[in-house]
DNA sequence: TTTGATATTTTTTTT
DNA sequence: AAATATCAAA
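Residue numbers (the working numbering): -9 to 713.
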């Protein structure tokens, strides 16, 4: 195998095949290349059979890419390597073994909307107020527990206080409902695989023997459950290679535990450790900026990436009047650069999906092609979810969650009242909705409704029969025809229904693609649904030409010649929610680091003087992350501007929207602007960090030294200006 | 039961 | 601004 193009550390990482290995791979240090070569090296030089190699990646797209790149290095056999995400691997394992845990092998996988409806059902049944108990936080609670491998019983035992106890009980109900439906949520995939391994040692041993060489990419973003899973699998051979960069840990909110990578050497004292600090991606200016920003994090092992590339152009700072102006400025720069670069080389990164709108609008107006990652996801569209629910019900009629979604879609006169009765029956007897329908005559449902239910029942049974000998595409067509779904849309003939039909058409290209690779069989529908449940946003990035739009989170692992980072304002990025929590602020800064290090040649940093948020105009200070970049690396905005500048001097585009004054005057005639130091009668000294709203309801965000941030009405707050 | 109208809430980030 | 929840009328 030719390793002549590798540096010394990279070679060592590839050739250290036996025993535990920790690769600390900085951004752009050729980590993917090392991983692919290592796998190829194992097969070619060490003659390890492909099926004994496991490689876990963060996204399905990364998995596909890794498989392709290994294929390019070796003659054949790459298709036998296990390359997948944690979740996809667990689905595969559970699919053939979950019956040990009492679930059906044909289990379905819940998406977040399904989870929400399960939780809401539980709240309703327990007569709890949905406003007091936000389903979101309950789902978060359950997810946290599962990621920590805490079962409902243990959660209840360890609960402290009323809320903990209550949520543990809800967790218990939730888990029971899922079990009854043979449904798993994302976290279950990991947790139940571990449970399976602990319960059935022979199954564990089988996989331990199979996975003799294990690789885990993005190890800094694994959670506790994933960590345990890897530990179990690697226990026999201890050939475990993890790759990660603690500076790029950005998924704490999802349970990622950075100590997994920091303590790797404690778990495996014999581990070899290799650091890759040579960056091959970014120009020196970009790298210097990234190093300077991340250097502000205190909780980290110091390290600095090196590059042999020259300085390159300076980073470019852009200030616009509003988010619309920001979009226009981005477009202007894209057009300037489009002579030397392809649109594919450019990406716009933002903190929240909602920020994509203004950018999209500007791109559409200028006829610039773009592709968006995430956002309103294709598979989240109503018609797609409806269709998927039909498929789920056909595959597993006892999937109540899917069943409830389609029971009255299209409208067939089976309303909430009837559904309640069916569910009520289920609570007493343990029957699913599907089973309850067969009893519907005896449980107080009107004759009228019973007939309708029977019709539905017959139609579904009929579809189920058909599904056994049809391709998925054919089945989709049958479902759309038999249910009258397509008819309904065609009859409506509105702009919206047209687009829905287009989306369904688009879905058929997905199924056709799937049918091409899969033979018709009993398992076909199940395989299709499993695959679908695991597709992630990042998987959608394809070859079509265009500027890429995505969140900074979604950009991890990718690189582009030109990067635009937008919305660099306090309260946007860093997000308002974390501004005063040092720990979370450090995670936010790592996110900035990830964003910065995506760029190879050019980097644009953009902010707007004010922008619309929740339908209100807000004015925010420039992001601290901007200020952390040494000014000599940046051109554009005068780098050393301690506070935003008054009035219209930054309306770069004369066609831009009229700028609102960011100086406001209160009832006593005192005027304030962002950055002013003020004195409050009760809270003491503070600094104005933002201005919200319009007219009489204008509010000031003020950071007080004593009490942190407060939002006060400009007209009534007892404020005096200092200095 | 379904529908349309009005009130209320919501945004981090995601496999 | 947009999505969701709640309420009133048909």
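Heads up, the beta-carbon is just placed ideally off N, CA and C, and yes, glycines get one too.
Please classify residue 346 as buried or exposed, where buried requires at least 16 neighbouring CB atoms within 10 angstroms.
Residue numbering aside, residue 346 sits at position 356 when the first chain is read from its first letter. Buried, because 16 or more other Cβ atoms sit within 10 Å of the Cβ of residue 346.
Secondary structure at residue 161, three-state DSSP: helix, strand or coil?
If you number the first chain from 1, residue 161 lands on position 171. In this structure, residue 161 counts as helix in the three-state DSSP scheme.
Apart from the five residues just before and just after residue 21, which ones in its own chain have a Cβ nearer than 6 angstroms to its Cβ?
Here residue 21 corresponds to residue number 31 of the first chain, with the count starting at 1. Cβ neighbours of residue 21 beyond the five flanking positions: 15, 233.
Looking at the unbroken alpha helix (DSSP H) that takes in residue 483, where does it start and where does it end?
Numbered from its first residue, the first chain carries residue 483 at position 493. Element bounds for residue 483: n/a, residue is neither H nor E.
For the structure I just gave you, are there three or more beta carbon pairs, one from the stretch 212 to 227 and one from the stretch 238 to 246, closer than 8 angstroms?
yes
Is it buried or exposed for residue 166, if we count other Cβ within 10 angstroms and need 16 for buried?
Along the first chain, one-based indexing puts residue 166 at 176. Classification of residue 166: exposed, given that the 10 Å Cβ count is below 16.
Collapsed DSSP secondary structure at residue 714 in the structure displayed:
Since the first residue shown for the chain is -9 and the last is 713, residue 714 is missing from the structure and cannot be characterised.
Is the beta carbon of residue 535 sitting closer than 9 angstroms to the one on residue 333?
Indexing the first chain from 1 puts residue 535 at position 545. Indexing the first chain from 1 puts residue 333 at position 343. Cβ atoms of residue 535 and residue 333: closer than 9 angstroms.
Just grab the DSSP bridge partners of residue 268 for me.
Residue numbering aside, residue 268 sits at position 278 when the first chain is read from its first letter. Looking at the DSSP assignment, residue 268 forms a beta bridge with 296.
Please return the same chain residues whose Cβ sits closer than 7 angstroms to the Cβ of residue 277, not counting the five positions on each side in sequence.
Taking the first residue of the first chain as 1, we reach residue 277 at position 287. Correct list, in chain order: 269, 295, 297.
For residue 187, name the three-state secondary structure that DSSP assigns.
On the first chain, residue 187 is found 197 positions in, with the first residue counted as 1. Three-state result, residue 187: helix.
Among 710, 242, 340, 557, the one whose alpha carbon lies nearest that of residue 541:
Looking up residue 541 in the first chain gives position 551. Nearest option by C-alpha distance: 340.
For residue 218, count neighbouring Cβ atoms within 10 angstroms of its own Cβ and tell me buried if that reaches 16, exposed if not.
The residue you call residue 218 lines up with position 228 of the first chain. Residue 218 comes out buried.
Any idea what DSSP makes of residue 619, helix, strand or coil?
Here residue 619 refers to the residue found at position 629 when the first chain is read from its first residue. Coil at residue 619, not helix or strand.
Taking residue 49 as the reference, which of 78, 43, 28 has the closest Cα?
Position 59 of the first chain, counted from the start, is the residue given in the question as residue 49. If we check each option's Cα against that of residue 49, 78 comes out closest.
Mind checking residue 594: buried by the 16 CB within 10 Å criterion, or exposed?
One-based indexing of the first chain puts residue 594 at position 604. It counts as buried.
Measure the CB-CB distance between residue 547 and residue 679 and report whether it falls below 9 angstroms.
Within the first chain, residue 547 is the residue found at index 557, counting from 1. Within the first chain, residue 679 is the residue found at index 689, counting from 1. Result no, Cβ atoms of residue 547 and residue 679 do not sit closer than 9 angstroms.
Over what stretch of residues does the beta strand (DSSP E) that includes residue 73 continue unbroken?
As a working note, residue 73 is residue 83 in the first chain. 72 to 75 is the extent of the beta strand (DSSP E) around residue 73.
Can you name the residues that DSSP bridges to residue 592?
Mapped onto the first chain, residue 592 falls at position 602. Partner(s): 552.
If we require 3 or more residues per run, which beta strand (DSSP E) segments fall completely within the stretch 657 to 693?
667 to 670, 674 to 682
Does the Cβ-Cβ distance between residue 93 and residue 182 come in under 9 angstroms?
Start at 1 with the first residue of the first chain, and residue 93 comes out as number 103. Start at 1 with the first residue of the first chain, and residue 182 comes out as number 192. Their beta carbons are under 9 angstroms apart, which means residue 93 touches residue 182 by this criterion.
Who are the near neighbours of residue 635 in its chain, counting only those whose CB is closer than 6 angstroms to its CB and skipping five residues on each side?
Position 645 of the first chain, counted from the first residue, corresponds to residue 635. Per-residue confidence for residue 635 stands at a pLDDT of 36, beneath the threshold of 50, marking its modelled position as unreliable; no derived number is given.
Report all residues from its chain with a CB closer than 6 angstroms to the CB of residue 651; omit the five preceding and five following residues, and keep chain order.
Locating residue 651 in the first chain gives position 661, where the first residue counts as 1. Note on residue 651: pLDDT 42, under 50, position unreliable in the model; no value is reported.
What do you get for residue 418, buried or exposed, if any count of 16 or more other CB atoms within 10 angstroms of its CB means buried?
Within the first chain, residue 418 is the residue found at index 428, counting from 1. Residue 418 should be labelled exposed.
Cβ neighbours of residue 467 in the same chain (closer than 7 angstroms, five flanking residues each side left out):
Start at 1 with the first residue of the first chain, and residue 467 comes out as number 477. Closer than 7 angstroms at Cβ, skipping near neighbours: no residue.
With 16 other Cβ atoms within 10 Å as the buried cut-off, status of residue 387:
In the first chain, residue 387 corresponds to position 397, counting from 1. The residue is buried, with at least 16 neighbouring Cβ atoms inside 10 Å.
Counting along the chain, where does the beta strand (DSSP E) carrying residue 601 start and finish?
As a first step, residue 601 must be located in the first chain, where it is residue number 611. Element bounds for residue 601: 600 to 603.
What runs of the beta strand (DSSP E), each 3 residues or longer, lie entirely inside the stretch 46 to 95?
72 to 75
Please classify residue 792: is it buried, with 16 or more other beta-carbons within 10 angstroms of its beta-carbon, or exposed?
In the structure as shown, the chain starts at -9 and stops at 713, and residue 792 therefore has no counterpart that could be examined.
Would you mind stating whether residue 175 and residue 256 have Cβ atoms separated by less than 9 angstroms?
Position 185 of the first chain, counting from 1, holds the residue named residue 175. Position 266 of the first chain, counting from 1, holds the residue named residue 256. No, these two residues do not count as a Cβ contact at 9 angstroms.
Mind checking who residue 126 pairs with in its DSSP beta bridge?
Numbered from its first residue, the first chain carries residue 126 at position 136. Its beta-bridge partners do not exist; DSSP assigns none.
How long is the line joining the alpha carbons of residue 69 and residue 61, rounded to whole angstroms?
As a working note, residue 69 is residue 79 in the first chain. As a working note, residue 61 is residue 71 in the first chain. Roughly 8 angstroms between the two C-alpha positions.
From residue 397 to residue 451, what does the alpha carbon distance come to, in whole angstroms?
Mapped onto the first chain, residue 397 falls at position 407. Mapped onto the first chain, residue 451 falls at position 461. When rounded, the distance between both Cα atoms is 14 angstroms.
Let me make sure I understand the geometry here. Which of 484, 429, 438 has the alpha-carbon closest to that of residue 404?
For the purposes of this step, residue 404 is taken as residue 414 along the first chain, with counting starting at 1. For residue 404, the nearest C-alpha among the options comes from 438.
Taking just the CA atoms, how far does residue 87 sit from residue 199?
On the first chain, residue 199 is found 209 positions in, with the first residue counted as 1. On the first chain, residue 87 is found 97 positions in, with the first residue counted as 1. Roughly 16 angstroms separates the two Cα atoms.
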